[in-house]
Structures are given as C-alpha cells and as structure tokens.
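Protein chains in written order, with the numbering used here: chain A, 42 to 305; chain B, 42 to 305.
Here the structure comes first, spelled out in structure tokens, and everything after it is commentary.
There are 2 protein chains.
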Amino acid sequence: MRAPSQASYAQGAVGPLANADVGTPAFSPLYQQIKQLILQSLQGGEWRPGELIPSEIDLATRYGVSQGTVRKAIDELATDNLLVRRQGRGTYVATHAQRQVQHRFLRLHADAAASGVSSPGQRHVIECKKMRASADVARTLGMRSGDAVWQVQRVLSFEQIPTIYEALWLPAAPFKGLTQERLTSHQGPLYGLFESAFGVRMVRAEEKIRAVLPTPEAAHWLHVTPATPLLSVERVAYTYSDQAMELRRGLYRTEHHHYRNELQ
Amino acid sequence: MRAPSQASYAQGAVGPLANADVGTPAFSPLYQQIKQLILQSLQGGEWRPGELIPSEIDLATRYGVSQGTVRKAIDELATDNLLVRRQGRGTYVATHAQRQVQHRFLRLHADAAASGVSSPGQRHVIECKKMRASADVARTLGMRSGDAVWQVQRVLSFEQIPTIYEALWLPAAPFKGLTQERLTSHQGPLYGLFESAFGVRMVRAEEKIRAVLPTPEAAHWLHVTPATPLLSVERVAYTYSDQAMELRRGLYRTEHHHYRNELQ
DNA sequence: CAGTGGTCTAGACCACACT
DNA sequence: GTGTGGTCTAGACCACTGC
C-alpha cells in the first residue's frame, strides 16, 4: 500500500534502483521522497497557486507514511516558500498574487518612510516584442541562440519619479499569447500574471548587482544625467526544478531608495 | 525536575507570568522556551564559538523535556546559523573562524572565475582610532551621541586591485584593547577576531545598497576617477538578542566583481 | 462541533564518527 | 562498540478556523 519503497528507512529513490553502478548510494530519506512527490504534483498543476492541498493525514495515507513524515516534507516546502501553512485551515500553494508577499523579489525600498515598498507605484510598459535570443540571453535561459523570446521593457515610478528601467526576456513557448495589452492591464506583480495566465510560477531568483552609469536609453527614461550612478541588477528567475524562466536587467535610481538585504 | 513551566504544553514564558495585563496571552511553545534557554547559554558564554554543546539527550534531561523538543529548538538555532550539527559528532557553536563559512557576510564575488571570493585578498588597515560617536553612528549602535567608539578604515584588494574601501565603527566598551596592530596581524575574517578576542559574535546583519560616486578619499584609495560609479554598502551587524554592534560603510568597485544575492 | 495544523512524547532503528 | 545526530512511527493533546 505504500507508494515509496519502504524496505528500511533509508531506501533508494522511489521505485527500484535499476542502475548496477554502485559507489554513490543515492539514498534519500523518506520525507525527501515525499517532498519530491509533492513537488511533482505542484509542478504538474494538480494543485495550483492559491489552492488548498490535501490535509497532512490525507497525504500520509495517500503516500503510505506517517503524518510526521509528511509534516517534515511540508515543513521544508513551506520554508522554501512553495507552500503556506495556516493553522486551522490547511496548507495552501504559495502565490505571488497574495497581498502579503507582493513584490517578494523586489528589494528596493524607500529611504525614509517605514512603508514596505512605498506603494506599488506606476508602471509603464515601453515595449513588448518577440525576437530571437542573443547568445547570452539564450545561455542563461537554457535555450539555443536564435530561439524565440519575448523582450519586455518598462519603467516603474514611485511618487511620480521614474526609478526603475528594466528589460526582461522570457522564453516564447511557455508565454505564448503575451501581449503588451495584457501586461499593461494586469494589476499586481508580474509574477502573479505569469502564474494565472501562463501557469509559470517563479520559485527563486539570483541577482548580480553592480554600480554603473546609465545607457542613453536609461538616462532618457529615468530622467537622469549620463553621470548619475545607477544600480545595475541582473536577475535570473527560476521555476520548479531549477529551470531558468526569466532574465531581467534593471537599472535603479538610488537617490531616494536603497536595495535592502538581510544577511544571516 | 523540569526547568520550564510545564502545566500543559502551551504554557507561559519561563517563570510565572507576573503581569496582570491580560489580552496578549504571550504563550509560547515549550521548544521556543528551550531555544531561549540555549540562546542564554550561548550569550552568557557557557558554550563558546567552535565548542561542542551537550548532546540532545543531555539537554533533554537537563531541561526536563523530551529529546524531540530539544531537537526542534536546536533545529531552529541551526537554521539561524547559530549552531552547526554534525552527524555522529555532535552539535557545535557556529563560528566565523571556520574555513567553510569564512566571509559569510561578504557578498562580493569575482565576475568570471567560479572561485568563492577569489582568495581572501590583501588587507590594509589605514587607521584605527578611538573617537566620539556622531549622532547617526550613535543612533544605529544604540548609544548616545559622543560616546566612545572605535573607527577603523581599511582597504581590501583582490589580485592587486584595490576593490573595497570601508570604514567601520564599534562601541568602545566591548572592544576594549583593540589596536591597529591586532587588526593587521590577525588572519581570517574580522568577525573571527571579534569572537576570539572580544567574545562578540555577529549573528546577522542588514545592508542598504546604493550606487554612488566616490568621495575624494575613496577615489584615492581605490585608484579610481571621481566619475567611477561605486557600490555603497551600509551594514549594521547584530549580535545576540538583536543588539547592533557594528556599523560599516563600504564602497565597492564593481568592474570585475558583483554583489551576489539569492532571492527566495 | 469537526477538521486542520501545531506541539509533545516515547521508543525504535539507521547513519556516521571516533576509539 | 559506543555515542552522536537523523529518521520514522504512533498516539495524545492543544490551538485555531469555520460550520
């Protein structure tokens, strides 16, 4: 009745080990296998962002393990921000659309006010066009040079001051049907649109930050002189199973804002 | 025989609740109380950085709870990077001196090479002097304006290129006996010296990042023109119980390095 | 009230490190 | 072998949510 193999507690991956190659045992604890099974259900769309997943007891009987084992798997998925637990209600699939975690990935904060991100601010989409991926864009997105990608350029303003000028590239296939109109009319974070309209959920991201001088376009859109130092933020965002799904290059004005980071 | 109160599982904080004010129950789970007790032992110096703490079973009998409860407390302290678990050996107090986590708080990485921080690099201490805290330094360190603080200025170079120019301020009292000579002769991260010589362990830090142009001093020490954009990194580092113990203002050259950040 | 996640316990066994 | 942390189970009860 047990879905994962269960000879003793530290057994092989789900299903028998077919490979004769010994040396790397590749054993993983039961709760890690359960975690992978839950991840597959998330990835496969069995439970969609914002939805309630089955209770711990249900999952325990489904997978043929104890509640504690399911619990540990869910614990890790919750600390990874893939699931959200709510006592008394159940466990939900995390979403970028919920008000509490809006702009989870935007680390730019206003200097003075204690405001979170100083109101969503105004967004202006400059352009949204399909093009062929350059070599570096293709490389970071795991595609081939020349494959079709979307390129979106936009400006974010806070309190009437244009503060972020950014371009982003998306693989064309998963985002089939993207239009400038959809980008403009959509409320809330972009990643919320990606979830609801394309079923693409961004799970984590890496950023590389530098100090640079503006390009002519950036100087124009941000209303700054060519001598104004800007924060260059290059982000690669990943969906499930560490697949890169977005490259974003932003230039931030930091006269009245700062990039905030917590180290631990 | 039980140290924490133990009427039922969700009891008040350790010791009786003296305040008559009801409304905020202030209950906390047992494992949280255990976590606080362990934190006190860490803060009080009962177990020092790098040392082995008692086994889970020892702690369980000491606190009069089950091993699982101690386990959950230690789990959280381990994810907070205050403790390090090693299967088969025991649980150690984390330290900035261990090779694996050296420069845990330095997020500057070399662009090309896959090297961690591209070798420790050269350090040059420009100055170390005692002075009176300015208003803003005093505020961030939780002191009064005019209180005695150390001010240290230094330059870090990577591959012969001066890359980081930074000043840092430390409250004078906990760092009694600091000298430029000790700073210069010490090997490894500064926070390792703080641990071993002053018993001050930095637990977490917050950074505010901006793009700026160099001050004249920065331009001199970093060998850059006044028009070179630099990363301004202002760090406040905290020891146990969220007490600010260091303010650091750094200027980073980012032609060949970048500040790396992971978002999740 | 029932159902959910949250806490706590006790006991068993496994994996790892040191002696 | 001994002792450590790591995993897994079963069961009990608490706290919260919504019917």
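For each residue, glycine too, the CB sits at the ideal point set by N, CA and C.
All values derive from a computational prediction rather than experimental measurement.
*Answer with buried or exposed for B/Glu303, where buried requires no fewer than 16 other C-beta atoms within 10 angstroms of its C-beta.*
exposed
*asked:* I'd like to know if B/Pro270 contacts chain A, where contact means its C-beta is closer than 7 Å to some C-beta of that chain.
replied: yes
_Run through chain B and tell me which residues come within less than 9 Å of A/Lys76, C-beta to C-beta._
Going along chain B, no residue has its Cβ under 9 Å from A/Lys76, so there is no contact; the nearest lies around 16 Å.
_Whole-Å CB distance - B/Asp188 paired with B/Arg173, under 8 Å assumed_ = 7 Å
*Do you know how far the Cα of A/Glu258 is from the Cα of B/Asn122?*
Each residue's Cα considered, the two are about 43 Å apart.
*By the criterion of Cβ-Cβ separation under 7 Å, what are the contact partners of A/Thr295 in chain B?*
Residues of chain B passing the Cβ test: Arg251, Ala252.
*Verify the CB distance criterion: does A/Tyr300 have a CB-CB separation below 7 Å to chain B?*
yes
*asked:* Can you tell me whether A/Pro267 is buried or exposed? The criterion is at least 16 other CB atoms within 10 Å of its CB, across all chains shown.
replied: exposed
*Buried or exposed: where does B/Ile79 fall if 16 or more other Cβ atoms within 10 Å of its Cβ makes it buried?*
buried
*For A/Glu92, count neighbouring Cβ atoms within 10 angstroms of its own Cβ and tell me buried if that reaches 16, exposed if not.*
Exposed, by the Cβ-count rule.
_Per-residue DSSP class, three states only, for B/Lys217_ = Reduced to three states, the DSSP call for B/Lys217 is coil.
*Measure from the C-beta of B/Ala208 to each C-beta in chain A and report whether the shortest distance is under 7 Å.*
no
*is_contact[A/Leu307, chain B] using C-beta, thresh 7 Å*: An answer regarding residue 307 of chain A cannot be provided, because it is not within the stretch 42 to 305 covered by chain A.
*List the endpoints of the continuous beta strand (DSSP E) containing B/Pro203.*
202–212
*Test: A/Leu288 CB closer than 7 Å to a CB of chain B*: no
*How would you write the range of the beta strand (DSSP E) that A/Val125 sits in, first residue to last?*
124–127
*Taking the alpha-carbon positions, what's the B/Thr110 to B/Gln81 distance?*
17 Å
_6 Å CB neighbourhood of A/Phe235 in its chain, flanking five on each side removed_ = The answer, listed in chain order, is Val241.
*Mind listing the chain A neighbours of B/Arg112? Cutoff is C-beta to C-beta under 7 Å, in chain order.*
The premise fails here: B/Arg112 is roughly 12 Å from chain A at the closest Cβ pair, so nothing lies under 7 Å.
*Short check: CB of A/Gln108 to CB of A/Glu97, under 7 Å?*
yes
*asked:* Taking DSSP's pairing of strands, which residues face B/Ser273 in a bridge?
replied: Beta bridge pairing from DSSP links B/Ser273 with B/Arg251, B/Leu292.
*Contacts that A/Phe68 makes with chain B (C-beta to C-beta distance below 7 Å)*: Going along chain B, no residue has its Cβ under 7 Å from A/Phe68, so there is no contact; the nearest lies around 14 Å.
*Consider the Cβ of B/Phe235: report whether some Cβ of chain A lies at a distance smaller than 7 Å.*
no
*State the Cα-Cα distance for the pair B/Gly291 and B/Ser198, rounded to the nearest angstrom.*
13 Å
*When the Cβ atoms of the segment 211–219 of chain B are set against those of the segment 99–107 of chain B, are three or more pairs found closer than 8 Å?*
no
*Around the Cβ of B/Thr295, are there at least 16 other Cβ atoms within 10 angstroms (buried) or fewer (exposed)?*
buried
*Can you list, in chain order, the residues of its chain whose CB lies under 8 Å from that of A/Leu271, leaving out five sequence neighbours each side?*
Annotation for A/Leu271: Ala252, Val253, Leu254, Pro255, Ala259, Leu263, Val265, Leu292, Tyr293, Arg294, Thr295 place their beta carbon closer than 8 Å to its own, counting only its chain and skipping 5 residues before and after.
_Close Cβ partners of B/Gly64 (< 8 Å) along its chain, the five nearest in sequence each way excluded_ = Since pLDDT at B/Gly64 reaches only 42, below the 50 mark, its modelled position is unreliable, and the value read off the structure follows with that caveat. Around B/Gly64: no qualifying Cβ.
*Using DSSP bridges, identify the partner residues of A/Arg301.*
B/Lys249
_In this structure, how does DSSP classify A/Val158 when only helix, strand and coil are distinguished?_
Residue placement at A/Val158 is flagged as unreliable, the pLDDT there being 49, under the threshold of 50; the coordinate-derived value follows with that caveat. Here A/Val158 sits in coil by DSSP.
*What does a CB cutoff of less than 7 Å around A/Thr204 pick up in its chain, not counting 5 residues either side in sequence?*
Leu197, Ser198, Tyr293, Arg294, His298
*Using a Cβ cut-off of 7 Å, pull out every chain A residue sitting near B/Arg126, in sequence order please.*
Simply none; closest approach about 15 Å.
_Taking the beta carbon of A/Thr132 as the centre, do at least 16 other beta carbons fall within 10 Å, making it buried, or is it exposed?_
Around the beta carbon of A/Thr132, 16 or more other beta carbons lie within 10 angstroms, which makes this residue buried.
*Can you list, in chain order, the residues of its chain whose CB lies under 7 Å from that of A/Glu87, leaving out five sequence neighbours each side?*
none
*Can a CB atom of chain B be found closer than 7 Å to the CB of A/Arg245?*
Chain B contact via Cβ: present.
_Residue environment, A/Met74, which counts as buried when at least 16 other CB atoms sit within 10 Å_ = For clarity, residue 74 of chain A is Gln in the given sequence; the question names Met instead. A/Gln74 comes out buried.
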